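Residue numbers (the numbering used here), protein chains in the order written: chain B, 216 to 291; chain R, 25 to 213. Yeah, the Cβ is synthetic: ideal placement off N, Cα and C, and Gly gets one too. Owing to the predicted nature of the structure, the values given are computational and were not obtained by experimental measurement.
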């Protein structure tokens, strides 16, 4: 999936991945996509909840080799 | 509200009047609707409870909520700059000698082992979790609002400039002013 910016949240634990995500999204324009790579297993549920609450869209997510990848599309 | 009370006694005869009445009632309801705010009251000065308070605060900020923390009694020690005795009267010096100097001196509520417990937790958290001191810094940077209990300041002899974060010194009224508008409120003891 195409993205405009990547956030390396590897090694960070709750609540740092979503805090950094919020910070990174602030620098993006509406409709742009942020790719987040995290290693915290809690981030799977947290990123979904973050999307639900903030209105940004979790366009895709997945796991490869113990790393969790999320694509968030900034809301309009 | 006097306007609603007055309206309630007048029978709504036309659609326009009914709409006006509904609008008035809606306005009252809107004012009483809590916002997406989180209000945390921290009574405890235990390391684990302070940690929970700040993680909850920072998580809420990340979710786009407004957050306020009200520090009272033992909780005040969490945001102290250090142990300040100068200019304090004897009893205040005494209590400040016994209280933790700052966040780094807080002991966990269980498994304290005379200070070893905290060192152990610090070691365990290294590299995998941000420390309490870092969490406090993050909360400060992300615009969490801090209030501190005026009676606690008087009782423990704390000064208005002893804190690592900007604080509003206030009483319960100002705390409720924030808490009543918060959808979620926590009391951590």
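Would you say residue i reaches chain B, if we count a Cβ-Cβ gap shorter than 8 Å as a contact?
| i | result |
| --- | --- |
| residue 82(R) | yes |
| residue 79(R) | yes |
Can you find the residues in the same chain that come closer than 6 Å, C-beta to C-beta, to residue i, ignoring five residues on each side of it along the sequence?
| i | result |
| --- | --- |
| residue 163(R) | 78, 81 and 82 |
| residue 173(R) | 96 |
| residue 94(R) | 65, 171 and 199 |
| residue 151(R) | none |
| residue 202(R) | 63 and 92 |
| residue 181(R) | 112 and 116 |
| residue 210(R) | 64 |
| residue 188(R) | 103 and 105 |
| residue 108(R) | 186 |
Flag residue i as yes if its beta-carbon sits less than 8 Å from any beta-carbon of chain R, otherwise no.
| i | result |
| --- | --- |
| residue 237(B) | yes |
| residue 228(B) | yes |
| residue 265(B) | yes |
| residue 268(B) | yes |
| residue 251(B) | no |
| residue 273(B) | no |
| residue 222(B) | no |
| residue 234(B) | yes |
| residue 231(B) | yes |
Helix, strand or coil for residue i? Go by DSSP, reduced to three states.
| i | result |
| --- | --- |
| residue 264(B) | helix |
| residue 184(R) | coil |
| residue 217(B) | coil |
| residue 380(B) | Residue coverage of chain B in this structure runs from 216 to 291, which leaves residue 380(B) outside it and unanswerable. |
| residue 67(R) | coil |
| residue 112(R) | coil |
| residue 159(R) | helix |
| residue 135(R) | coil |
| residue 123(R) | coil |
Near residue i, which residues of its chain fall below 7 Å by C-beta distance, leaving aside the five closest residues on each side in sequence?
| i | result |
| --- | --- |
| residue 76(R) | 212 |
| residue 263(B) | 273 |
| residue 25(R) | Residue placement at residue 25(R) cannot be trusted, given a pLDDT of 47 that sits under 50; what the coordinates show is reported in the next sentence. Excluding positions up to five away in sequence, the list reads 52. |
| residue 89(R) | 60, 61 and 62 |
| residue 177(R) | 193 |
| residue 126(R) | 104, 105 and 106 |
| residue 166(R) | 82 and 85 |
State yes or no: is the beta carbon of residue i nearer than 8 Å to at least one beta carbon in chain A?
| i | result |
| --- | --- |
| residue 88(R) | In the displayed structure, chain A is absent; the protein chains listed are B and R. |
From the DSSP output, read off the bridge partner residues of residue i.
| i | result |
| --- | --- |
| residue 250(B) | 221(B) and 286(B) |
| residue 206(R) | 59(R) |
| residue 171(R) | 94(R) and 192(R) |
| residue 176(R) | BP columns for residue 176(R) are empty, so no partner. |
| residue 104(R) | 187(R) |
| residue 278(B) | 283(B) |
| residue 272(B) | 288(B) |
| residue 211(R) | 65(R) |
Excluding five sequence neighbours on each side, which residues of the same chain lie with their C-beta closer than 8 Å to the C-beta of residue i?
| i | result |
| --- | --- |
| residue 130(R) | 69, 70, 71, 74, 101, 102, 124, 142 and 156 |
| residue 223(B) | 252 |
| residue 225(B) | 252, 253, 254 and 282 |
Looking at the ligand ZN, does it come within less than 7 Å of residue i, judged from the CB to the closest heavy atom?
| i | result |
| --- | --- |
| residue 58(R) | As presented, the structure is devoid of all ligands, the ligand ZN included, so that no description of it is given. |
ask   = Name the residues in the segment 145–172 of chain R whose C-beta lies less than 8 Å from a C-beta of chain B; which are they?
value = Hits within the stretch, in order: 151, 152, 153, 154, 162 and 166.
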